[in-house]
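Residue numbers (the working numbering), protein chains in the order written: chain D, 185 to 416; chain F, 502 to 1398.
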């Protein structure tokens, strides 16, 4: 099996070292960059499968790097940042990042997020081959043509909005979608007055497709930020 | 010591000087007639200034001037004139905006008394000059004596030529320098004859009318005297400012009479001569409310004239002007009253003395000056004797009158049938007239009703019946008495009715004014206060009102009350209108419709003033609405002033609070730093110590021991992580710049998030959640609330034995969501409870050096919950244990599904 290639953009030597050591133990291939400009060069020449990006770089703002990278590729970007404000995360996610981690983070957490991102890359590669009308994720199946949703071969009855929400999350499996993004896509607006509705629809949707809603398998809540569909 | 005492005053004087320095200086070249050489003198002075290195620009010089004057223009920079198209004529006007943009040190603007072409910003050129001065630009200008407002009549009576372009005396008196350009009248006539002033033909005419030797001599005398007067005044002003005002106080009464302007000018000259206070009083009576057309326009002109001549304008409201004036004079310490002879009004059926006579009677020892009224009495005034409104005919009122008379007749027949005498029938008719007077508008119907009643009585009830003849010799007397008593009672009834209406109106205004003061206090922020004031004005003036706060460095953000009128009033939100409002703000002056500045605007803009500057701007739409009356205007200004003061007070208080808050935060920060540096040492020592041991002696340690050290390092670093989160939360609350961001969140999700961040020890406790309603939502900054729950649950874990139960629950309590975290541990002692939420308090006070010494958690929880508008408390759980309970505002869901 081909080793996945990871680009690590981090200027702090200790953190960089920690991430490298972790990646080594897990048999990933990696490359490190210390500045924004070298990161952009490497993103082109090294063609990584996933980019792990620190937002606080000496020469360039991380959000700017995300925007530039998104100019030509959909390579998953996992943001690692010491900024704990939700606003910063939302900004990075809206710019096109797939996921974020706040320092201090645990190594297990980082590896788990990495696996999610890699699965997404692989799923996208497969999907490119066959333009499918069926979405399958664990026991969850969406039949786009019929507009039906099945859980363990049993049909789940969703309201139109819940169905739209589910499809949106499914289309972006593995990616954290911000509240604003979802509101814009499903409601067509990003009015603050709609956010309570979004919370409620999410909660009812989850009750319908999760066996134990308190430990969700499919829809993960990123509180204060958004939601994400996990691939099983 | 004495020196120190004087210091503040000197300081104030210096401050004033500095302010004067900031303003531009005005030099006025003053002459007694055209052609004395004002422009010439001005240009020469300008050339001198230029030689001295001053940045001089010619703003405007009359083009008709003589060749030798034009020659002086050479080498001086000129601002091109603005060309205005007015009814097909191209007019050249001084370009104020270009001058302001050029910002020279000194600018020349000829002909101060000039009236600008319609469509210019100001109606008069002297207002342009005032704006230049405010902008800090020095101005040279020219003016002739006949253009001075207060001398206008005098000059007019000497020369027989009325001058319509006038400049308020205040402009002349406040000029920094007045340069009198003088020339012998004989020389002037020679120059005129030589064609240096006017072209041939024109000169002949001018000679005939104006430039007679006698006229010129008289004008010259007036000009010289006025200049000397000014010097005198300036000398006194710089001496002792207040002493001059103390002695005399002159009062005039404003009216719509054409002669009133003369009275005002005379009084102004007297006020000047006596150096006295000067008040123009307007008595608003029911009659003045009915003024219209020419009368109203004249009243406004007179009011403005008085204002320009430096009078303080006051309005009082009442039925009888004499009483009101006397009362006002007594209260305000007036010493002299100046009035026109024709000022008195006569009333129907009331034989009264003239106003002047009554005033003299009422005021006792006041001087009353009567100015003869030379102009023919205005025709409209005869009409007013009856009262305009009384003559207005209304079919409705006429019908009412007929109906009442008919009813009275019917009752009369009934009385006669019942055998009552004629006296009873007469009283019924008089009663009918009374009813008519009260029921209809205007005296006319009462009067006609009286006549009609007499006629009906005569026709129906006197022998011979059903004729207008009366046989009995006594009847004419009966009719006469009946008519007189009818008319008197009707006019009395009308008077009573009017007084009642007036009283209720007065009460309404008073209530409005008192109410607005109270109302404004209730405004939560500055915008709301201003909005409330605008609302009061909207009620008072019965139209939508525009308003905006003024914030340094920001554009005006005009809003409207009532807000739904915005579409309808779109014409008030154009860029031009905004410009007018902006001008009112920057110049701290009224502008827009009804003023002389930008009079073509839709609205009148008033600055809302505090003591220290403009706090806001209020716009009153004028086009399409009746003009506000003088009394309403007074109220309006009172409300706006009140609003300005309240706004200012609010702003000052906010500033004070901010300062207090800051010092409190500073104290907090210092305490926090002290506590942290102490509390960080313990875990850091443990981490570095354990790591050191592992690095140096890892070989000699067995695997179990190593694992123990690893775990210690991990635990301590996790504790530090948690501490960092808490500290971040503290800065988020305390840091004023970062507001907490409230969003609706599902409590279920919040609980899950909090539980996923608990300490490792949590595994030893049984933690459960219970929600009354899965979809319960509350407004919160989710990061902070998660932190609150983590802190409380971690506390519970810390202070309860392993195996204890901890339950998180949430339920709805009216408008709030109540979140409880209950444990069944040993509970909290009663003496500890009051200190629970104090900063740096820990339950185990004995071990001050214990590693979890930083009692930041609960105090932080309290400030977070309070910042959300909720409360937090600790209660006893039954049978034992503790419940922490806090509330958050509930979020209602409006489903757009």
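Glycine is no exception: its CB is placed at the ideal position from the N, C-alpha and C atoms.
### Message
Taking 8 Å as the threshold (beta carbon to beta carbon), is residue 1198 of chain F in contact with chain D?
### Response
In the second chain, residue 1198 of chain F corresponds to position 697, counting from 1. False, the Cβ-Cβ gap to chain D never drops below 8 Å.
### Exposed unless 16 or more other CB atoms sit within 10 angstroms - verdict on residue 1191 of chain F
As a working mapping, residue 1191 of chain F is identified with position 690 in the second chain. With 16 or more Cβ atoms within 10 Å of its Cβ, residue 1191 of chain F is classed as buried.
#### Entry: For residue 1214 of chain F, three-class secondary structure by DSSP
The residue you call residue 1214 of chain F lines up with position 713 of the second chain. Residue 1214 of chain F falls in the helix class under three-state DSSP.
### Query
Is the Cβ of residue 1137 of chain F closer than 8 Å to any Cβ of chain D?
Taking the second chain and counting its residues from 1, one reaches residue 1137 of chain F at position 636. Output row for residue 1137 of chain F: interface = no.
### Residue environment, residue 532 of chain F, which counts as buried when at least 16 other CB atoms sit within 10 Å
The count along the second chain starts at 1 and reaches residue 532 of chain F at position 31. Residue 532 of chain F comes out buried.
### Where residue 341 of chain D falls: helix, strand or coil (DSSP)
On the first chain, residue 341 of chain D is found 157 positions in, with the first residue counted as 1. Correct three-state label for residue 341 of chain D: coil.
### Residue-chain proximity (residue 272 of chain D, chain F), Cβ-Cβ < 8 Å
Here residue 272 of chain D refers to the residue found at position 88 when the first chain is read from its first residue. Residue 272 of chain D does not count as touching chain F.
### Message
Let me confirm a value: residue 967 of chain F is counted as buried when at least 16 other C-beta atoms fall within 10 Å, else exposed. Which label applies?
### Response
Against the second chain, residue 967 of chain F aligns to sequence position 466. Classification for residue 967 of chain F: exposed.
### Beta-carbon separation (whole angstroms), residue 547 of chain F vs residue 557 of chain F, contact threshold 8 Å
Numbered from 1 along the second chain, position 46 holds the residue referred to as residue 547 of chain F. Numbered from 1 along the second chain, position 56 holds the residue referred to as residue 557 of chain F. Their Cβ separation, rounded to whole angstroms, is 5 Å, which keeps residue 547 of chain F and residue 557 of chain F in contact under 8 Å.
### Message
Closer than 8 Å is the cut-off here; do at least three beta carbon pairs connect the stretch 858-866 of chain F with the stretch 819-829 of chain F?
### Response
yes
### Message
For a quick check, are the C-beta atoms of residue 1210 of chain F and residue 1194 of chain F less than 8 Å apart?
### Response
Sequence index remark: in the second chain, residue 1210 of chain F carries index 709 (1-based). Sequence index remark: in the second chain, residue 1194 of chain F carries index 693 (1-based). Yes, the pair counts as a contact, with Cβ atoms nearer than the cut-off.
### Nearest to residue 924 of chain F (by Cα), restricted to the options F:1049, F:948, F:941 and F:962
As a working note, residue 924 of chain F is residue 423 in the second chain. Ranking the options by Cα distance to residue 924 of chain F, first place goes to F:962.
### Query
If you measure beta-carbon to beta-carbon, which residues of the stretch 386-398 of chain D are closer than 7 Å to chain F?
387 and 398
### Query
Is residue 1390 of chain F close to chain D, meaning its C-beta is less than 8 Å from at least one C-beta of that chain?
Position 889 of the second chain, counted from the first residue, corresponds to residue 1390 of chain F. No, residue 1390 of chain F lies away from the interface with chain D (no Cβ there is under 8 Å from its Cβ).
### Task
Could you say if the stretch 801-816 of chain F and the stretch 753-764 of chain F meet the contact criterion of at least three C-beta pairs nearer than 8 Å?
yes
### Task
Mind checking the stretch 1246-1267 of chain F against chain D and listing, in chain order, the residues whose C-beta falls within less than 8 Å of any C-beta there?
1246, 1247, 1249, 1250, 1251, 1253 and 1254
### Message
8 Å is my cut-off, CB to CB: does residue 1278 of chain F come that close to chain D?
### Response
One-based indexing of the second chain puts residue 1278 of chain F at position 777. So yes, residue 1278 of chain F belongs to the interface.
### Query
To the nearest angstrom, how far is it from the Cα of residue 414 of chain D to the Cα of residue 1328 of chain F?
Mapped onto the first chain, residue 414 of chain D falls at position 230. Mapped onto the second chain, residue 1328 of chain F falls at position 827. Each residue's Cα considered, the two are about 42 Å apart.
### With 16 other Cβ atoms within 10 Å as the buried cut-off, status of residue 1266 of chain F
By one-based count along the second chain, residue 1266 of chain F stands at place 765. Counting Cβ neighbours within 10 Å, residue 1266 of chain F comes out buried, since at least 16 surround it.
### Query
Hey, out of D:308, D:211, D:253 and D:208, whose CA is closest to residue 221 of chain D's CA?
Here the question's residue 221 of chain D lines up with position 37 in the first chain. If we check each option's Cα against that of residue 221 of chain D, D:253 comes out closest.
### Task
For residue 264 of chain D, go through chain F and note every residue whose CB falls closer than 9 Å to its CB, in chain order.
To locate residue 264 of chain D, count along the first chain from 1; it is residue 80. Here the premise fails: no neighbours, minimum Cβ distance about 15 Å.
#### Entry: Cβ-Cβ separation, residue 1048 of chain F to residue 1021 of chain F (assumed contact under 8 Å), whole Å
Looking up residue 1021 of chain F in the second chain gives position 520. Looking up residue 1048 of chain F in the second chain gives position 547. So it is not a contact: roughly 13 Å between Cβ atoms.
### Query
Applying the criterion that 16 or more other CB atoms from any shown protein chain within 10 Å of the CB defines a buried residue, is residue 985 of chain F buried or exposed?
In the second chain, residue 985 of chain F corresponds to position 484, counting from 1. With fewer than 16 Cβ atoms within 10 Å of its Cβ, residue 985 of chain F is classed as exposed.
### Query
Listed from N- to C-terminal order along the chain, which residues in the stretch 1284-1297 of chain F have their beta-carbon within a distance smaller than 8 Å of any beta-carbon of chain D?
1284 and 1287
### Task
Using 10 angstroms around the beta-carbon of residue 1399 of chain F, count the other beta-carbons present and answer buried if the total reaches 16, otherwise exposed.
Chain F is shown only over 502 to 1398; residue 1399 of chain F falls outside these bounds and no answer can be derived.
### Message
At the 8 Å Cβ level, is residue 1237 of chain F part of the contact set with chain D, yes or no?
### Response
One-based indexing of the second chain puts residue 1237 of chain F at position 736. Any reading at residue 1237 of chain F needs caution, since the residue's pLDDT is 49, under 50, leaving its predicted position unreliable; the model's value is listed next. No, its Cβ sits nowhere closer than 8 Å to a Cβ of chain D.
### Message
Please state whether the Cβ-Cβ distance between residue 916 of chain F and residue 929 of chain F is less than 8 Å.
### Response
The sequence position of residue 916 of chain F within the second chain is 415, counting from 1. The sequence position of residue 929 of chain F within the second chain is 428, counting from 1. Yes, they are a contact pair.
### Query
Any beta-carbon of chain F closer than 8 Å to the one on residue 408 of chain D?
On the first chain, residue 408 of chain D is found 224 positions in, with the first residue counted as 1. Yes - at least one Cβ of chain F is within 8 Å of the one on residue 408 of chain D.
### Message
Considering only their Cβ atoms, is the gap separating residue 643 of chain F from residue 540 of chain F smaller than 8 Å?
### Response
If you number the second chain from 1, residue 540 of chain F lands on position 39. If you number the second chain from 1, residue 643 of chain F lands on position 142. A contact, by the Cβ cut-off of 8 Å.
### Query
Whose CA, out of F:906, F:1011 and F:573, lies closest to the CA of residue 926 of chain F?
Along the second chain, one-based indexing puts residue 926 of chain F at 425. Nearest option by C-alpha distance: F:906.
### Message
When you compare the stretch 256-263 of chain D with the stretch 293-304 of chain D, are there three or more beta-carbon pairs, one atom per stretch, that lie closer than 8 Å?
### Response
yes
### Message
Below 8 Å on C-beta distance, what does residue 405 of chain D contact in chain F?
### Response
If you number the first chain from 1, residue 405 of chain D lands on position 221. The answer, in chain order, is 1250, 1253 and 1254.
### Task
Give the DSSP-derived three-state secondary structure of residue 1359 of chain F in the structure shown.
Taking the second chain and counting its residues from 1, the one referred to as residue 1359 of chain F is at position 858. Residue state, collapsed to three classes: helix.
### Query
When you compare each of F:1107, F:609, F:671 and F:992 to residue 1089 of chain F by their alpha carbons, which one comes out closest?
As a first step, residue 1089 of chain F is located in the second chain; it is residue number 588 there, counting from the start. The shortest C-alpha separation from residue 1089 of chain F is found at F:1107.
### Message
What does the alpha-carbon distance come out to for the pair residue 1003 of chain F and residue 1161 of chain F?
### Response
The sequence position of residue 1003 of chain F within the second chain is 502, counting from 1. The sequence position of residue 1161 of chain F within the second chain is 660, counting from 1. Rounded to the nearest angstrom, the two C-alpha atoms are 51 Å apart.
### Query
Mapping DSSP to helix, strand and coil, what is residue 1319 of chain F?
Against the second chain, residue 1319 of chain F aligns to sequence position 818. Three-state result, residue 1319 of chain F: strand.
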